[in-house]
Structure formats: C-alpha cells, structure tokens
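Residue numbering for the sequence shown follows this note's numbering, beginning at 528 and increasing consecutively.
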Amino acid sequence: MSQNNHFSFVSHVKDILSGFPDAGTCWIAYSGGLDSHVLLHTLALIKNEIKPELIAVHVNHGLSRHAESWQKHCQSVCENHAIKFLTFTIDIAQKNNKGTEAFAREKRYEIFGNLMMDHDLLMTAHHLNDQAETMLLQLIRGSGPNGLAGMPQSREFSNGFLVRPLLDYSREEIHEYALKESLHWVEDESNKSNQYDRNYLRNEIIPGLLTRWPGALKTIRRATRHQADARSLINEIAENDLETVCGNEWSKINLTEFSKLSLIRKKNVLRAWIKRNHMEIPNAQIIEKINDEVIHANSEKNPCIKWAGGEIRRYRGFLYVMRPLSIHDVKTTTIWDLKKTLSLTSGYLKADLSKGHGIRREMISSDSVEIRYRQGGEKIRPSGRDHTHELKKLYQDEGVLPWLRDRIPLIYFENKLIAVGDLWIEHKYTASQFESGWKIKWAWMLDGPD
Numbered sequence: 528m529s530q531n532n533h534f535s536f537v538s539h540v541k542d543i544l545s546g547f548p549d550a551g552t553c554w555i556a557y558s559g560g561l562d563s564h565v566l567l568h569t570l571a572l573i574k575n576e577i578k579p580e581l582i583a584v585h586v587n588h589g590l591s592r593h594a595e596s597w598q599k600h601c602q603s604v605c606e607n608h609a610i611k612f613l614t615f616t617i618d619i620a621q622k623n624n625k626g627t628e629a630f631a632r633e634k635r636y637e638i639f640g641n642l643m644m645d646h647d648l649l650m651t652a653h654h655l656n657d658q659a660e661t662m663l664l665q666l667i668r669g670s671g672p673n674g675l676a677g678m679p680q681s682r683e684f685s686n687g688f689l690v691r692p693l694l695d696y697s698r699e700e701i702h703e704y705a706l707k708e709s710l711h712w713v714e715d716e717s718n719k720s721n722q723y724d725r726n727y728l729r730n731e732i733i734p735g736l737l738t739r740w741p742g743a744l745k746t747i748r749r750a751t752r753h754q755a756d757a758r759s760l761i762n763e764i765a766e767n768d769l770e771t772v773c774g775n776e777w778s779k780i781n782l783t784e785f786s787k788l789s790l791i792r793k794k795n796v797l798r799a800w801i802k803r804n805h806m807e808i809p810n811a812q813i814i815e816k817i818n819d820e821v822i823h824a825n826s827e828k829n830p831c832i833k834w835a836g837g838e839i840r841r842y843r844g845f846l847y848v849m850r851p852l853s854i855h856d857v858k859t860t861t862i863w864d865l866k867k868t869l870s871l872t873s874g875y876l877k878a879d880l881s882k883g884h885g886i887r888r889e890m891i892s893s894d895s896v897e898i899r900y901r902q903g904g905e906k907i908r909p910s911g912r913d914h915t916h917e918l919k920k921l922y923q924d925e926g927v928l929p930w931l932r933d934r935i936p937l938i939y940f941e942n943k944l945i946a947v948g949d950l951w952i953e954h955k956y957t958a959s960q961f962e963s964g965w966k967i968k969w970a971w972m973l974d975g976p977d
C-alpha cells in the first residue's frame with residue numbers, strides 16, 4: 528500500500544466518524560485479529576482529532592487454548608496506544624441448542640449493546656471480503672433483497688449505531704496496511720476449519736472466484752448496493768401499504784383493505800407488519816400458510832398460524848399479530864388483596880379507591896376477593912343493564928378477542944361473580960355517585976403495572 532493509499536485509508540475512517548457528530552463513546556470490537564487490530568490502530572492515529580472517547584472491548588470465548596494469551600496481547604496493545612480496555616468472558620457451555628458460532632455472536636452483541644449509551648458508536652472491522660461472504664451465504668439460503676443487500680456501513684444498534692468503517696476495503700488491502708505499520712496480531716486457528724460455512728467460502732470458494740475474476744469483490748459490492756436500493760423501494764411500498772391496511776393500529780390489519788393488494792404486495796406487507804410489531808419474520812412457507820389458511824379460511828372460523836417468534840389470528844375481518852401466548856390454566860384460583868397489585872399469567876390487576884366508581888367498598892372485604900377464570904356458563908348483570916347475561920354473549924357483543932376471553936380475570940366475593948376484569952361490575956355491587964368504590968384496572972402483560 529502506497530503512502531497516498533495509506534493516507535486515504537485513515538482519512539476514510541475519519542470521514543465516516545464525522546458523520547456522527549453527537550457520538551459520546553466509540554466502542555471498538557477488538558478480538559486482536561488482523562482486521563480489528565488495523566481498525567484499532569487507525570482509530571488510535573486519529574484519537575486526538577476526534578470527539579468520541581475510544582474504548583476497546585475484547586470478548587474472551589474460551590474456545591481456544593490461546594484465549595488467555597490473546598486477551599493479554601489485546602490489553603498490551605491498548606496500553607501502548609493509551610486506549611481504555613475492557614474484557615468480558617462468555618460461557619459457551621450455556622449455548623443449549625444453538626450453534627457455537629451463533630451463540631458466541633449473540634452474546635458478543637449483547638455485551639456491546641449493554642455498554643452503549645445514547646449516540647454511542649460500536650465499531651466493527653467487517654470488510655469487503657466479509658461482505659462478499661455474507662452475500663454468497665444469503666444467496667445459497669435463497670434470501671431476497673433484505674439478505675442480498677448484505678451489511679450496511681452503519682445502522683441503528685442498541686442506544687446508538689453500529690459502524691463498519693472498513694467495509695469498502697478488501698482483506699488484502701487491510702493486510703498491506705498491517706505489514707506497512709509493522710503490526711502484530713493474533714491468528715485464530717479456528718479460521719482454518721472449513722466445517723464452518725463462512726470459513727469454507729473464505730478459504731475455498733472466494734480465492735477461486737478471485738483467480739478467475741480478479742474484480743469479483745467490487746462487482747459483488749455493486750450487486751449488494753443494487754439489492755439495497757431494491758430493498759429500500761420494497762420497504763417504501765410496504766410502509767405505504769401498512770398505512771392503508773392498518774391505519775393507526777399497528778397490531779391489526781383490515782382484511783377488506785388487505786384483499787385489494789396483489790399477492791406479492793400482501794406478502795410484502797405481512798413481513799413489514801410483523802417486523803413493525805418487533806417480532807421475528809417467519810420464513811416464506813409460513814407467510815404462504817398465513818395467506819392460504821388464515822386469510823382465506825371460512826369467515827366463521829378464527830384460524831391461527833404459529834411460528835417460533837409469534838402467531839397470527841383472524842377475527843371479524845381483521846388479522847392480529849402477537850407473541851406466542853403463555854401457558855394458562857383456567858382452573859387456577861387466587862386470593863387477591865385489593866390494596867396490592869396482583870400479577871397473573873397474562874397481566875396485572877390493580878384496584879384504587881375512587882368516589883362514585885368501581886365495586887362498592889362497603890359490600891366486600893378487600894382481602895377476601897377471589898380470582899377465577901371462565902369455565903363456561905358464568906352469568907352477570909352488568910350495571911346499567913336490565914337483565915342477566917352469559918359472559919359468552921357479553922364477550923361477543925363487546926368484540927372481546929376469543930383467544931383472550933379465558934384469560935380475563937373474573938372477580939368473585941363469597942362465591943359470587945361481582946366483576947369481569949375492568950369490563951363489567953355486577954349491578955348490585957356498583958358504587959353509586961357518592962359511594963366509595965374499588966376501581967379495577969386490568970392491564971395485559973405487555974402493558975405492565977402502572
């Protein structure tokens with residue numbers, strides 16, 4: 528690498544940092560390998576010219592017999608550059624059913640995310656070869672534009688941003704930089720093992736591609752940018768369609784509006800809708816099942832499709848998305864002291880004294896209320912109604928979602944149903960205008976207690 532190219536390398540990193548003027552701390556993911564060492568060295572050269580404080584973070588996976596010596600090496604390098612150094616250890620034994628690589632990556636980013644404050648940056652040393660590996664892996668997995676767009680140079684992460692300053696440089700250019708600067712880095716022997724898909728691409732496939740097509744990395748980079756453009760266009764269409772089918776209620780889709788979309792836009796908006804609700808997007812087969820078995824099911828049915836990250840149900844012309852419902856035993860009973868917030872399987876019950884509202888205080892003992900769940904056949908005469916009604920009929924009239932009905936707490940006193948969550952109170956137990964009453968609030972688990 529020539530002196531001019533070397534200057535360009537450092538200048539490029541500085542330019543990227545200038546795009547984050549509010550950054551407080553720059554956390555460097557520092558393994559001690561070639562790539563992260565070059566990133567740390569580059570940042571060390573300009574640390575007196577930039578605003579963010581530099582802190583290197585080393586994660587010891589304990590997988591190699593050299594792990595402790597790598598950690599000491601990283602600490603020594605940081606001391607030489609006067610860069611603050613933090614180290615963390617991962618217990619790989621806790622990986623359960625996850626692969627070692629996936630578990631280690633998840634834990635690394637969990638550590639990084641927990642460190643970051645508002646506007647902080649996490650710097651990683653991903654480069655052009657990594658980008659090519661990522662795209663090829665996604666291609667083999669049959670990914671669409673989201674996967675084929677590869678890694679962005681920056682994206683929101685935790686309380687700040689994840690930034691990849693070296694993404695436009697090849698591993699060869701990074702290696703040249705390291706040799707010119709006489710850097711010493713650690714070599715992870717696991718990188719030579721082709722049992723890992725990424726290593727196989729790195730060690731066997733990409734060298735062959737570059738021998739046949741020397742400019743392959745740059746053309747792959749160009750392809751990822753085309754895919755990123757396509758992704759942006761697809762997302763823009765999805766956002767417009769979401770506004771049409773959801774309005775202001777992101778948890779449900781209006782099937783009348785949804786039915787007007789083409790099949791491909793239906794699939795697109797389903798993915799965007801699930802993502803908007805912070806759930807893992809299911810695979811293409813699940814998306815197909817949602818369209819075939821839920822949307823087009825008989826109108827009298829309330830179908831449900833489940834996957835690891837969530838479930839979708841249909842009721843009265845709407846689709847609903849939610850996290851998988853927890854196990855719930857309808858035979859459970861609980862004694863509730865109204866003076867205390869009560870945590871239940873699906874939410875929280877709270878009671879506050881209020882004049883003219885709620886359950887008449889004088890008619891119950893506040894520490895002897897019992898919580899039950901619907902078994903079938905329960906009846907109540909709500910305040911303001913002339914007749915007693917079955918809960919089933921009240922729920923239907925009110926449009927209470929069927930899958931939530933058996934989870935709504937029923938409030939009993941002396942073996943009599945006196946209230947249904949915060950929906951209805953038995954008329955004889957309803958506080959009048961000048962009476963003190965226990966005003967009930969039922970909050971689903973996602974809401975939590977006040």
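Where a beta carbon is used, it is the ideal one built from N, C-alpha and C, also for glycine.
Exclusion of the five residues before and after residue 960 leaves 883 as the residues of its chain whose Cβ lies within less than 6 Å of its Cβ. Non-local beta-carbon contacts of residue 708 in its own chain, meaning distances under 7 Å to residues more than five positions away in sequence, involve 568 in chain order. In this structure residue 587 is in contact with residue 598, their Cβ atoms being roughly 5 Å apart against a cut-off of 8 Å. Note that the stretch 575-582 does not touch the stretch 659-667; fewer than 3 beta-carbon pairs, one per stretch, sit closer than 8 Å.
The residues 567, 583 and 650, in chain order, have a CB closer than 6 Å to that of residue 555 in the same chain once the five nearest residues on each side in sequence are set aside.
Cβ neighbours of residue 971 within its own chain (closer than 7 Å, five residues either side excluded): 873 and 874. Relative to residue 836, the option among 710, 763, 798 and 964 whose CA is nearest is 798. Sixteen is the threshold: since fewer than 16 other Cβ atoms of the shown chains lie within 10 Å of the Cβ of residue 857, the residue is exposed. Contact annotation: residue 804 and residue 778 have beta-carbon atoms nearer than 8 Å. For residue 801, the closest alpha carbon among the candidates 617, 847 and 694 is that of 847. For residue 917, the number of other beta carbons within 10 angstroms of its own is below 16, and it is reported as exposed. Check the Cα spacing between residue 808 and each of 535, 702, 673 and 621: the tightest is with 673. Assignment of residue 650 by DSSP, reduced to helix, strand and coil, places it in the strand class. The beta carbon of residue 640 is closer than 6 Å to those of 685 in its chain, skipping five residues each way along the sequence. Here residue 557 is not near residue 593, since their CB atoms are 8 Å or more apart.
Comparing alpha-carbon positions, the option among 955, 629, 862 and 929 lying closest to residue 619 turns out to be 629.
At least 8 Å separates the beta-carbon of residue 715 from that of residue 655. Of all alpha-carbon atoms in 608, 838, 680 and 842, the one lying nearest the alpha-carbon of residue 852 is that of 838. Within the model, the alpha-carbon separation for residue 827 versus residue 772 is close to 21 Å. Between the alpha carbons of residue 864 and residue 932 lies a gap of roughly 23 Å. The beta-bridge partner set that DSSP reports for residue 909 consists of 953. Pairing residue 900 with residue 813, the inter-Cα distance amounts to about 32 Å. When only Cα atoms are considered, residue 591 and residue 742 end up about 35 Å apart. Per DSSP, residue 550 lies in no alpha helix (DSSP H) segment and is marked neither H nor E. When secondary structure is reduced to three states using DSSP, residue 970 falls in the strand class. Closest in alpha carbon position to residue 924, among 861, 843, 945 and 832, is 843. Cβ atoms of residue 675 and residue 754 come within 8 Å of each other, at about 4 Å. Cβ-Cβ separation between residue 744 and residue 659: approximately 5 Å, consistent with a contact (criterion under 8 Å). Proximity to residue 563 across 690, 616, 575 and 546 peaks at 690, based on C-alpha coordinates.
Judged by beta-carbon spacing, residue 964 lies within the 8 Å limit of residue 881, meaning their Cβ atoms are closer than that value. Counting C-beta atoms within 10 angstroms of its own C-beta, residue 746 has fewer than 16 neighbours from the protein chains shown and is therefore classed as exposed. Inside the stretch 795-865, DSSP marks whole beta strand (DSSP E) runs of 3 or more residues at positions 831-834, 837-842, 845-849 and 861-863, from first to last along the chain. Residue range 874-882 is occupied by the beta strand (DSSP E) that includes residue 878. Going by DSSP, residue 781 is part of the beta strand (DSSP E) stretching over 779-781. In this structure residue 718 is not in contact with residue 731, their Cβ atoms being roughly 13 Å apart against a cut-off of 8 Å. According to the DSSP assignment, residue 767 belongs to the alpha helix (DSSP H) that extends over 743-773.
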